[in-house]
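The structure appears below as C-alpha cells.
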Ligand SMILES: *Cc1c(COP(=O)(O)O)cnc(C)c1O
C-alpha cells in the first residue's frame with residue numbers, strides 16, 4: 135500500500151550539513167530545531183551525532199519534549215512570554231534567553247522557589263527591532279542580572295543577539311550590529327557578568343563571516359540544506375512526492391481547474407496529484423511551477439486546490455499510481471526546494487515548515 139503523499143526526510147543530509155558546518159568553525163554549533171526541526175522532525179539527534187553540541191528552540195514547549203526524549207545536551211529556548219512554564223523549563227535544565235527585566239524577575243523568582251540557579255542568556259537587540267532587549271534597557275538589565283547572581287538565583291551563562299541582513303554578505307549593517315554587540319558584551323562584563331557563550335551568528339553569518347562566530351553559532355536552516363546567503367552547496371534534506379490518483383486524456387483548449395487559469399495547448403494527458411495547499415503546496419505558485427514524473431519535468435496546470443493539483447504530462451504515458459516528485463534535493467533532476475520557494479515568491483524556510491499533517495513522513499537515507 136502506498137500513502138497518497140510522502141515526505142522523505144534525508145537524515146544523512148542533515149548529518150552531512152552539520153558535520154560540514156561544525157568543521158568550518160572553531161565555535162560550538164547549536165543546532166536550531168524549532169518548528170519541528172524546520173519541518174524535518176527528528177533532526178536533533180542526527181545533528182548532535184554529527185558535531186552539534188547544543189540545541190536551540192523558540193519556545194519552552196518545544197524544548198521539553200527534547201529532554202523527555204533523553205537529550206542530555208544543553209538546550210536554549212529564546213522566545214517565551216513572561217507567564218510561561220518557567221518552572222518546567224528550570225526543572226528540566228532548559229536554558230532561557232532573557233529579553234526584559236520582567237522575564238528576568240520571573241525566572242529568578244521561580245529559581246528561588248525551586249532552590250536552584252537558573253542558567254540564562256541575556257538577549258540584546260542590536261539593530262533589527264525584533265526580539266531581545268532594546269539597547270536603552272541593556273544596562274539596567276545587566277545590573278538586575280548581576281543582583282540576582284549575587285543572590286544566587288540566576289547565572290548569566292550567555293549573551294546573544296541576532297543579525298538582520300547576514301544573508302547579504304558584506305552588508306554594513308552586519309558590521310554595525312557586531313560592533314553594537316561587542317559594546318553590549320563589554321558593558322555586561324564591566325557590570326560583573328562573566329558569560330561563557332557569546333553568540334550572534336545564524337546560518338548565513340556562519341557560512342559567510344567568521345568574525346561573527348564568537349563562542350557559538352546557532353545554525354538552523356543550514357542543517358536542512360537551506361543557505362540564505364546562496365554561497366554554499368548544502369544537501370537538501372526533504373523530498374515531497376505523491377502518487378497519481380487518476381489520469382485523463384483531453385483535447386486542445388481544455389481549461390483546467392478553478393478559474394480555468396490553464397488551458398491545454400494541444401491534445402495531452404492530465405494527471406491528478408493528491409497534494410494541495412492544505413498539504414503545504416503554496417497556492418501562490420507561479421504558472422512556471424513544475425514537478426517531476428518519469429524523470430521528466432512537467433508543468434503544474436492551473437490553480438492549486440486545497441487537496442489536489444493537476445499536472446500536464448503530455449505524451450509521457452503516465453498512469454495512475456505512479457510517483458510524482460514535487461521537490462527534492464535536485465540530485466535526479468527534480469525541482470529543488472529553492473526553485474519551489476522562488477515559484478511561490480517566498481523563502482525555502484516557509485515551504486519546509488508548512489508541509490501539512492496529512493502527508494506521510496518517512497525516514498530516508
Ligand atoms: C531561527 C533562529 C536561528 C536560526 O536561524 P537560521 O538562519 O535558520 O540558521 C538562530 N537564532 C535565532 C534567535 C533564531 O530565531
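In the working numbering, the protein residues as written are 135 to 499. For glycine and all other residues, C-beta sits at the position ideal for the given N, C-alpha and C.
Residues that residue i bridges to, as DSSP identifies them
i, result
"residue 486", "DSSP output for residue 486 lists no bridge partner at all."
"residue 434", "445"
"residue 497", "143"
"residue 257", "294"
"residue 402", "384"
"residue 458", "376, 427"
"residue 165", "189, 353"
"residue 396", "390"
CA nearest to the CA of residue i, picked from the options
i, options, result
"residue 269", "321, 237, 419", "321"
"residue 258", "373, 395, 213", "213"
"residue 328", "364, 231, 346, 289", "289"
"residue 392", "417, 386, 372", "417"
"residue 262", "296, 248, 271, 144", "296"
"residue 228", "481, 419, 251, 235", "251"
"residue 154", "181, 439, 236, 205", "181"
"residue 376", "271, 489, 339", "489"
"residue 101", "233, 499, 276, 444", "Only positions 135 to 499 of the chain appear in the structure, and residue 101 is not among them; the question remains open."
"residue 479", "441, 442, 415", "415"
"residue 341", "325, 333, 362", "362"
"residue 357", "249, 348, 312, 372", "372"
"residue 475", "424, 140, 225", "424"
"residue 426", "437, 457, 352", "457"
"residue 159", "471, 442, 496, 337", "337"
Three-state secondary structure (DSSP) of residue i
i, result
"residue 152", "helix"
"residue 375", "strand"
"residue 389", "strand"
"residue 159", "coil"
"residue 475", "helix"
"residue 289", "strand"
"residue 412", "helix"
"residue 470", "strand"
"residue 284", "helix"
"residue 279", "helix"
Any non-hydrogen atom of ligand 2 closer than 6 Å to residue i Cβ
i, result
"residue 254", "Looking for ligand 2 in the displayed structure turns up nothing; the ligands present are ligand 1."
*At what residue ranges does the region 304 to 361 contain a whole run of the alpha helix (DSSP H), taking only runs of 4 or more?*
Entirely contained in the region 304 to 361, the alpha helix (DSSP H) runs reaching 4 residues are, in chain order, 306 to 324, 337 to 342.
*For the region 175 to 244, list the beta strand (DSSP E) runs that are entirely contained and at least 3 residues long, ordered along the chain.*
Secondary structure remark: continuous beta strand (DSSP E) runs of at least 3 residues inside the region 175 to 244, in chain order: 188 to 191, 209 to 211, 228 to 232.
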